[in-house]
Amino acid sequence: MIELAKTSPLVIVLSQLDTRFFKGLAGEYEFVLKFRLQKEGEEDYIVRSHSNCLMSRAVNAEINLDPGRYHVLMKITAYRQRDVESTEEVVSRLAPTRREKLVQIGLSYDLAHAKGL
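Per the numbering used here, the sequence shown starts with residue 4, numbered consecutively.
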């Protein structure tokens, strides 16, 4: 919920981690982010995010809002990529031959997720 005491500019951004830094451990799902901004007590939305096929990591919207209470309604849709190995398959395949690289990717994965908390 967002509560504004006076008319204000507002930027809303939803983003997900950049999987380039832990390629292979990202898993077999692709996530699509969307959101709508709705004023409390109203049924229709004020603004919604727009998908950008070239930039799938984040969605955003910028708007000037009047005083009041607003809700950000988020939607995250997961799409399974059947041609991508699961995390378990990647670890099993790389552990015997590329252990150091796997550890490096795993540490990047852990660090990226720790920053999100």
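In this text, a Cβ means the ideal position worked out from N, Cα and C, and glycines have one as well.
Item to check | Length of the line joining the Cα atoms of Y112 and D69 | outcome: Rounded to whole angstroms, Y112 to D69 spans 40 Å at the Cα level.
Checklist entry - My guess is that N63 and V14 are in contact by the Cβ rule of under 8 Å, so how many angstroms apart are they, rounded? => result Contact between N63 and V14 holds, with the beta-carbon distance rounding to 7 Å and staying under 8 Å.
Item to check | Within the stretch 12-45, ranges of the alpha helix (DSSP H) (whole runs, at least 4 residues) | outcome: List check, alpha helix (DSSP H) in window: nothing returned.
Checklist entry - Relative to the alpha-carbon of L7, which residue among D47, Q19, L20, H74 has its alpha-carbon at the smallest distance? => result Ranked by how close their Cα comes to the Cα of L7, the residues D47, Q19, L20, H74 have H74 in first place.
Item to check | Residue(s) in a DSSP beta bridge with Y82 | outcome: Y82 is bridged by DSSP to E33.
Checklist entry - In three-state DSSP terms, what is H74? => result DSSP, reduced to helix, strand and coil, places H74 within a strand of the structure shown.
Item to check | Boundaries of the beta strand (DSSP E) in which V62 is found, first to last residue | outcome: Counting along the chain, the beta strand (DSSP E) containing V62 begins and ends at 61-68.
Item to check | Cβ-based neighbour list, D21, same chain, cut-off 8 Å, excluding 5 preceding and 5 following | outcome: By the criterion of a C-beta distance shorter than 8 Å, D21 is surrounded in its chain by R60, A115, once the five residues flanking it on both sides are discounted.
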